[in-house]
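Here the structure is laid out as structure tokens; the discussion comes afterwards.
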Amino acid sequence: MTNSYLTTIFLNALEKMQVKHEYNLIFDIPRNKDHGDLYTNIAMQLAKPLKKSPQVIANEIITNLQYDKELISEISVAGAGFINIKFTNNYYQKQLYQIYSEGSKYGYTDLNAGKKVNVEYVSANPTGLLHLGHGRNAAIGDTLANLYKWTGWEVTREYYFNNAGNQMMNLTSSIYARYMQLASDPDFPFPEDGYHGSYVITIAEELLQKYSQELINGTEKDLEIIRKFGENWCFDKIKKTLARMNIFQDVFYNEDSLYKDGKIEAVLKELKEKNLSYEKEGATWLAFSKLGLEDDRVIVKSTGEPTYRLPDIAYHREKLNRGYDLVVDLFGADHIATVPDVLAGVRALGLDDSKIKVIIHQFVTLMENGEQVKMSKRTGKSYTLDDLLDDVGADVVRYFLIMRGVNTHLEFDLSIAREQSDKNPVFYLQYAYARICSILEKVAAEGKNIDFEKIDLTFLNEVAEINLIKQLMLFPETLQVAAEKAEPHIVCEYLREVAAAFHVFYHDCRIIGTDDEIKYARIFLANITKIVLKNGMSVLGVSSPEKM
RNA sequence: GCGCCGGUAGCUCAGCUGGAUAGAGCAUCAGCCUUCUAAGCUGAGGGCCACUGGUUCGAAUCCAGUCCGGCGUGCCA
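Right under this line is the structure:
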């Protein structure tokens with residue numbers, strides 16, 4: 000981590016010593032509390048170039064350090080040459096004022112001000128209902144978008160879909176078959192690889208209600224009506240599900256518009272001009288082998304239809320052309336194969352693919368009572384995201400789906416998720432928040448006006464108080480790291496630690512019934528904690544109820 | 001076969017741009033409510049960080065190889 004005060008005094012010391020070698024001055028929190036509040040390994044880094052032992056260098060640095068004794072109580076050399084720094088309570092108390100002045104904006108940094116990012120997530124085609132996998136994608140994507148917002152980016156949340164391809168045709172014929180089975184012929188054959196989900200029957204029932212027997216001839220016009228009906232039905236359901244998760248995207252980008260606007264044609268033409276595409280066996284191939292990949296791939300099938308690669312490439316160019324500084328894609332692990340193709344395609348068009356950041360998340364397995372709940376697309380008996388939301392609620396769903404690293408296979412334990420108890424990590428955070436609200440309410444009921452500007456924070460000297468302040472101070476940097484690494488779970492872990500630090504404070508330090516000075520200082524601290532928890536939970540998209 | 005991800009406590013997982021004695025939650029065991037929400041707090045036990053070799057002051061972390069699991073490897077998306 001960086002610390003501006005420490006950085007300044009250390010750079011001054013190194014300058015005095017006339018150190019001109021390369022180094023990376025960073026401060027970190029030691030695992031062991033006896034080693035102080037922060038440490039740096041700068042002396043080790045300089046050992047080789049200066050040809051001195053780390054301990055000797057560390058001592059020289061300390062000799063040259065000039066610092067405010069009001070803020071730093073101790074700087075010492077330890078172990079192999081670590082420099083440990085210990086702050087005074089006064090230092091921490093002062094930080095609290097700083098947090099207070101930022102108020103509900105605390106945590107926000109304008110690091111990326113003026114920069115635009117597009118985050119594309121969910122992007123399920125309107126051919127069915129969202130399931131658990133989409134849920135993880137949605138939760139990670141939306142939280143990531145929040146993180147970008149909190150680190151200064153101007154964020155566009157985007158959903159990409161295709162309502163024209165094979166999948167849509169498949170849905171259409173599946174609905175038609177169900178419709179026919181209901182409307183005229185119970186034995187009407189169901190397509191070989193059709194959509195077996197029970198929702199298709201529901202769609203057919205509604206279709207029958209609206210159109211009666213009108214569509215039984217299955218003319219092209221009839222099928223178009225059915226297709227549109229199915230698409231609208233699915234999209235409506237998808238959007239409602241997302242809304243339940245507090246997800247509202249800004250742009251719904253239709254793949255079809257790439258064709259209508261001639262963007263697919265343009266890409267094909269350019270690739271041909273650059274001699275990167277060629278005809279073979281009736282299909283158009285893209286010469287990925289000339290772009291650093293192993294094999295050439297088909298981009299237009301011999302039937303004349305493009306494969307997914309072509310519109311994907313055109314779509315990414317389109318996004319880059321819209322002027323984003325960063326274009327983020329969120330995919331499940333099953334889409335990994337498309338990534339190198341799309342990036343190579345974008346490079347082939349002369350664009351900077353380093354602006355594209357692809358995040359691949361691993362799968363989710365649903366567990367119940369220690370057994371895996373099997374998802375079966377064939378039988379149509381699947382546990383949808385809506386089912387899950389009905390079952391455990393939006394807060395638990397969002398939290399559980401982001402609480403692990405994106406690269407880790409996620410085990411979603413229904414038994415724990417359903418439990419409204421200490422086993423459930425969501426409630427741990429919400430309980431801390433509710434406790435704060437409850438106590439502040441009690442204090443307010445006493446009717447005394449407290450002037451926050453005049454509270455004397457030097458009364459906060461208990462270990463639990465200082466530890467809580469330390470935790471609260473880490474919030475902005477935590478959001479930065481989580482955004483930078485694209486790892487929302489970092490925020491989950493952080494907030495759990497904030498809640499834990501608060502619970503200890505709550506346990507050790509009584510508020511009501513203590514002397515006024517101490518009481519007011521502690522109320523102040525509780526208020527700051529409330530702000531951090533609330534802001535943090537809003538980043539996660541989890542609600543912060545005042546009562547539990 | 002090849003590519004990507006993972007293998008850390010009984011279970012689920014952090015830590016992975018190298019740092020001091022490897023962490024958390026759950027589970028197990030032992031404590032703490034006449035006072036602000038016990039959905040809480042305190043403590044204990046629990047580990048060849050998959051394996052082997054390498055890099056260096058120092059490796060769970062980096063490199064190479066091996067083994068195990070997941071996902072890919074289409075004129076499906």
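Okay, so the first sequence: first residue is 0 according to numbering that gives the first Met the number 0, each after it adds one.
Think of the CB as a built atom: it goes at the ideal place given N, C-alpha and C, for glycine as much as any other residue.
Since the structure is predicted, the reported quantities are computational estimates derived from the model, not experimental observations.
Check	Outcome
Given a threshold of 16 other Cβ atoms within 10 Å of its Cβ, counted over all protein chains shown, does Y4 qualify as buried or as exposed?	exposed
Decide yes or no for the touch test of the region 82 to 94 against the region 105 to 117: beta carbon pairs closer than 8 Å, at least 3 of them.	no
Could you check which residue in E410, V341, V405 has the C-alpha nearest to that of V372?	E410
With respect to the alpha helix (DSSP H) encompassing I202, which residues constitute its N-terminal and C-terminal limits?	197 to 210
If you draw a straight line from the alpha carbon of L342 to that of I510, how long is it in whole angstroms?	58 Å
Find out if the Cβ-Cβ distance for the pair I527, Y91 is shorter than 8 Å.	no
Would L214 and Y159 qualify as a contact pair, given that the criterion is a beta-carbon distance under 8 Å?	no
Can you give me the Cβ contacts of E461 inside the same chain, cut-off strictly under 7 Å, excluding the 5 residues immediately before and after it?	D507, C508
Could you check if P188 is buried or exposed, using at least 16 other CB atoms within 10 Å of its CB as the buried criterion?	exposed
Is the separation between the beta-carbon of D249 and that of E157 shorter than 8 Å?	yes
As an exercise, report each continuous beta strand (DSSP E) stretch of at least 3 residues that is fully enclosed by the region 269 to 315, in chain order.	276 to 279, 282 to 285, 296 to 299
How about the region 434 to 448 and the region 65 to 77: do they share at least three Cβ pairs that are nearer than 8 Å?	no
Excluding the 5 residues preceding and the 5 following G102 in the sequence, name in chain order all residues of the same chain whose CB lies nearer than 7 Å to its CB.	I530
Less than 7 Å between C-beta atoms, sequence neighbours within five positions excluded: which residues of the same chain meet that for S414?	E367, N368
So, using beta-carbon positions, are N162 and N245 closer together than 8 Å?	no
Excluding the 5 residues flanking L207 on each side, which residues of the same chain have their C-beta closer than 7 Å to its C-beta?	Y178, L181, A182
Name the two residues that bound the continuous alpha helix (DSSP H) containing D351.	Neither: D351 is in no alpha helix (DSSP H) and is coded neither H nor E.
Please report the Cβ distance between N169 and Y194, rounded to the nearest whole angstrom; I am assuming they are in contact, meaning their Cβ atoms lie under 8 Å.	6 Å
To which residues of the same chain is H133 closer than 8 Å at the C-beta, ignoring the five residues directly before and after it?	V121, A123, L384
In angstroms with no decimal places, state the Cα-to-Cα distance between K518 and G512.	8 Å
Hey, out of T302, G344, S381, H315, whose CA is closest to E269's CA?	G344
V326 bridges to which residues according to DSSP?	N117, I355
Name the two residues that bound the continuous beta strand (DSSP E) containing D412.	409 to 412
Below 8 Å on the Cβ atoms is my guess for A332 versus F362; work out the distance and round it to an integer in Å.	6 Å
For K227, which of K273, R434, M167 has the nearest alpha-carbon?	M167
If contacts are defined as beta-carbon pairs under 8 Å, then A431 and H488 qualify, I think. What distance do you get, rounded to the angstrom?	The pair is not a contact, with the Cβ atoms about 19 Å apart (cut-off 8 Å).
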